[in-house]
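Here the structure comes first, spelled out in structure tokens, and everything after it is commentary.
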Amino acid sequence: MLNIGQLNEGIVLDHIEAGKAMEIYSLLGLGELDSGVAIIKNAQSNKMGKKDIIKIEGGMDLVDLDALGYIDCNITVDIIKDGVVAEKRELTMPKVLTNVIKCTNPRCITSIEPQLDQVFLLTNEKKHIYRCRYCEEKHT
Amino acid sequence: MRHLLSPLDFSLQETEELLDLAHDIRINPDKYAHKCDGKKIATLFYEPSTRTRLSFEAAMMNMGGSVLGFSEASSSSVTKGETVGDTIKVVSNYADICAIRHPKEGAPRVAADYSGIPIVNAGDGGHEHPTQTLTDLMTIRELKGSLDGFTIGLCGDLKFGRTVHSLIHALVRNRDVKFVLISPRELRVPDYVREDLLEDNGMEYKEVERLEDVIESLDILYMTRVQKERFFSEDEYLRMKDYYILDKAKLDSAKSDMYVLHPLPRVNEISTDVDDDPRAKYFEQVHNGVFVRQAIILTLLNLV
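Quick mapping for you: the protein sequence lines, in order, are chains A and B. The first sequence begins at 39 in this note's numbering and counts up one residue at a time. The second sequence begins at 7 in this note's numbering and counts up one residue at a time.
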């Protein structure tokens, strides 16, 4: 596997579905961080065949776990301290998602009142359906 | 503090109790004539809807209360750019309860977030219209004796018709209701109604294009208006429009106890020769609207 330098303090997002790393990079706003971020695409995986990995230098506060759980709750989150995995975090699909995704319904009140939080509620866990808290439009 | 934003804000039992109260108001109006003495309702109508607004105002006045508000956005502070949240914070100081109609979906939810008084959704875009739904339920229950055990045909614009979505939403809680959805292809119910409401709740339903094909199987026919501008082409409109006009001839094939409802106003989808038929119940339905709104006001103000 391609070797990206050792991480002493930081977070590794592993088991990302191959090809999804850039979407996660953008949704988590990783481009705006000052710290180092490495994206590994199409790494070999026994479990998945191919997978993406993101390594982020710095503390846990850099990553919105709710947003990550919304994107894919099968992603594993390793917290690295002193160069070793100090903790593994399980992701769950968040029941409420605030200011991660936007309602695209032009008839929604959020379309004319931009100061409102963009709030989505998990209405169907099995089908992974989130609906806008205001207009109940499904996010696609 | 309680609000009414969606018909599902009341459980099945609470809905039955509310309809019992509405029925009691209907037969004993004097008993309720002073229940709201000294109370005020604010009717904030960001888009015009004479019928719904007057119904709320009549409901409050029937119980000794008074009304204030505006009937279109241009006569309100919204033209100065005020948010719904700020408006309702101010109005909460003037009134005891508020009915809000807004063209944007979810505006009543925002109002409820900021309000110091109960909010009633009087219609928000194509989303919900719970007081209409409760009126529909009251009428169905009076006609059929219960909210369960019948086949209801919903006919017309099922895509944009919020009264239809709200009614389906409320009825899927009753196990033995069958749905027949009658509409042109372009105006079928949205996917979420089909998948999340009907299929996920295991409801029996079918979708058809012609009213004539199914009218004899129905216990209730809920008509809505099909607007010409909703069609993709003029040809398609001309081909389909007559399927959705209920006239005396079509009604002949229906059961003798199949009742016709309509949220009103109608344009031409129910021909006036149907009005005299004893099965035409849409004017009775509109009459019930005032009693249902009285019951909602009393319930939300804890005056029952």
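Just so you know, even glycine gets a beta-carbon here, dropped at the ideal spot from N, CA and C.
Within chain B, no C-beta atom comes nearer than 7 Å to that of Leu135 (chain A); the closest sits roughly 16 Å away. Bounds of the beta strand (DSSP E) holding His53 (chain A) are 48 to 55. Around Ala113 (chain B), the beta-carbon contacts reaching into chain A at under 7 Å are Ile147. Interface residue (Cβ-Cβ distance to chain B less than 8 Å): Glu163 (chain A) is not classified as such. Annotation: Thr141 (chain B) to Gln291 (chain B) spans about 7 Å, alpha carbon to alpha carbon.
Here the alpha carbon of Ile33 (chain B) sits roughly 10 Å from the alpha carbon of Phe297 (chain B). The beta carbon of Gly69 (chain A) lies closer than 7 Å to those of Tyr63 in the same chain, with the five residues before and after it left out. In the DSSP assignment, Glu95 (chain A) falls within the unbroken beta strand (DSSP E) covering 87 to 95.
Where Asp130 (chain B) is concerned, there is no enclosing alpha helix (DSSP H), although the beta strand (DSSP E) around it starts and stops at 125 to 130. In the structure shown, Glu61 (chain A) adopts helical secondary structure according to DSSP, grouped into three states. Setting aside the 5 residues that flank it on each side, Ala65 (chain B) is surrounded in the same chain by Val296, Arg299, Gln300, Ile303, each with a C-beta closer than 7 Å to its C-beta; the list follows chain order. Secondary structure at Tyr52 (chain B): coil, using DSSP grouped into helix, strand and coil. Ile78 (chain A) places its beta carbon less than 8 Å from that of Ile91 (chain A). Annotated three-state conformation of Gln82 (chain A) is strand, per DSSP. Chain-ordered, the chain B residues with CB closer than 7 Å to the CB of Ile150 (chain A) read Lys110.
By the 16-neighbour rule on beta-carbons within 10 angstroms, Arg8 (chain B) is exposed. The C-alpha of Pro196 (chain B) is placed about 45 Å away from the C-alpha of Gly74 (chain A).
Rounded to the nearest whole angstrom, the CA to CA distance from Ser83 (chain A) to Leu173 (chain B) is 50 Å.
At least 8 Å separates the CB of Gly122 (chain B) from every CB of chain A. Annotation: Tyr168 (chain A) has no Cβ neighbours in chain B at a cutoff of 7 Å; minimum Cβ distance is about 12 Å. Here Asn180 (chain B) has Leu153, Asp154 as same chain residues with Cβ atoms under 7 Å from its own Cβ, once five neighbours each way along the sequence are excluded.
Burial of Ser121 (chain B) is indicated by the presence of at least 16 other C-beta atoms within 10 angstroms of its C-beta. At least one CB atom of chain B sits nearer than 8 Å to the CB of Arg171 (chain A).
Judged by beta-carbon spacing, Leu164 (chain B) lies within the 8 Å limit of Val170 (chain B), meaning their Cβ atoms are closer than that value.
The closest CA to that of Glu222 (chain B), considering only B:Met246, B:Glu201, B:Val266, is found on B:Val266. For Lys176 (chain A), the nearest CB of chain B lies under 8 Å from its own CB, placing it at the interface with that chain. Under the rule that a run must span 3 or more residues, the beta strand (DSSP E) segments found entirely inside the stretch 181 to 235 of chain B read 183 to 188, 211 to 214, 226 to 229.
Measuring C-alpha to C-alpha distances from Met229 (chain B) to each of B:Arg59, B:Val186, B:Ala101 identifies B:Val186 as the nearest. Judged by DSSP secondary structure, Tyr168 (chain A) falls outside any alpha helix (DSSP H) and instead within the beta strand (DSSP E) spanning 167 to 170.
Across the set B:His135, B:Pro190, B:His175, B:Glu215, the C-alpha of B:His135 shows the shortest separation from the C-alpha of Ser55 (chain B).
Excluding sequence positions up to five before and after Val310 (chain B), its CB lies within less than 7 Å of the CB of Leu27, Leu304, all in the same chain and listed in chain order. Interface residue (Cβ-Cβ distance to chain B less than 8 Å): Gln153 (chain A) is classified as such. One alpha carbon belongs to Leu193 (chain B), the other to Glu242 (chain B), and they sit about 12 Å apart.
Close to Thr89 (chain B), with beta-carbon spacing below 8 Å, are these residues of chain A in chain order: Glu151, Gln153. The shortest CA-to-CA distance from His175 (chain B) to any of B:Pro190, B:Asn207, B:Asp281, B:Gly162 is the one to B:Asn207. Chain order gives the chain B residues near Asn143 (chain A) as Glu111, where near means a beta carbon separation below 8 Å.
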